[in-house]
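What follows is a short report on a single structure.
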Amino acid sequence: MADSKPGLRKPVFTKVDQLRPGTSGHTLTVKVVNTKMVMQRGRPDGPQPRQMRIAECLVGDETGMIIFTARNDQVDLMQEGSTVILRNAKIDMFKGSMRLAVDKWGRVEVTEPASFTVKEDNNLSLIEYELVNVVVE
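All residue numbers for the sequence shown refer to the working numbering, where the first residue is 597 and numbers rise by one.
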């Protein structure tokens with residue numbers, strides 16, 4: 597019984613233009629276009645030396661771009677021009693637009709530079725979505 601470990605599934609890689617609001621479990625290979633620190637809180641001399649850092653990183657592949665919200669240790673990995681694999685990423689909605697995020701169940705890995713060029717004229721974070729309730733009669 598100890599040997600019957602379930603086999604690991606191969607990841608299915610998603611392209612940026614296939615992302616939709618409210619979805620999760622995405623695995624993507626993207627390039628970091630730019631990074632902007634939006635919040636840095638915490639005191640290194642306080643009782644908890646942990647800082648809370650949030651950066652908004654514009655990432656993309658050959659199909660489009662989206663804003664990725666990097667938190668804490670993820671901020672250090674998101675260097676401009678680097679290629680990263682986002683595992684188990686989800687779409688968060690922020691002020692009506694999509695943001696890509698990786699929580700504690702996912703992973704951000706730096707990988708070797710990709711050969712694609714980022715399609716910069718298709719930014720999915722600029723599209724504004726509105727939640728509409730449909731009444732079924």
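Even glycine gets a Cβ: it sits at the ideal position worked out from N, Cα and C.
Assignment of beta strand (DSSP E) within the region 611-687, counting only whole runs of 3 or more residues, yields 620-637, 648-657 and 660-667 in chain order. Short of 6 angstroms from the beta carbon of LEU696, and not among the five residues preceding or following it, lie these beta carbons of its own chain, in chain order: ILE662, PHE664 and ALA685.
THR707: member of the beta strand (DSSP E) spanning 703-707, first to last residue. For ARG695, the enclosing beta strand (DSSP E) has its first and last residue at 693-697. Between PRO709 and SER678, the alpha-carbon positions lie close to 7 angstroms from each other.
Contact between the region 613-622 and the region 667-681 is absent: fewer than three C-beta pairs spanning the two stretches fall below 8 angstroms.
For LEU654, the CB contacts under 7 angstroms within the same chain, skipping 5 residues up- and downstream, are VAL629, ASN630, MET661 and ILE663 in chain order. Excluding residues up to 5 positions away in sequence, THR659, GLY660, ASN718 and LEU720 lie with their Cβ nearer than 8 angstroms to the Cβ of ASP613 in the same chain.
In its own chain, leaving out the 5 sequence neighbours on each side, no residue places its CB closer than 6 angstroms to the CB of LEU722.
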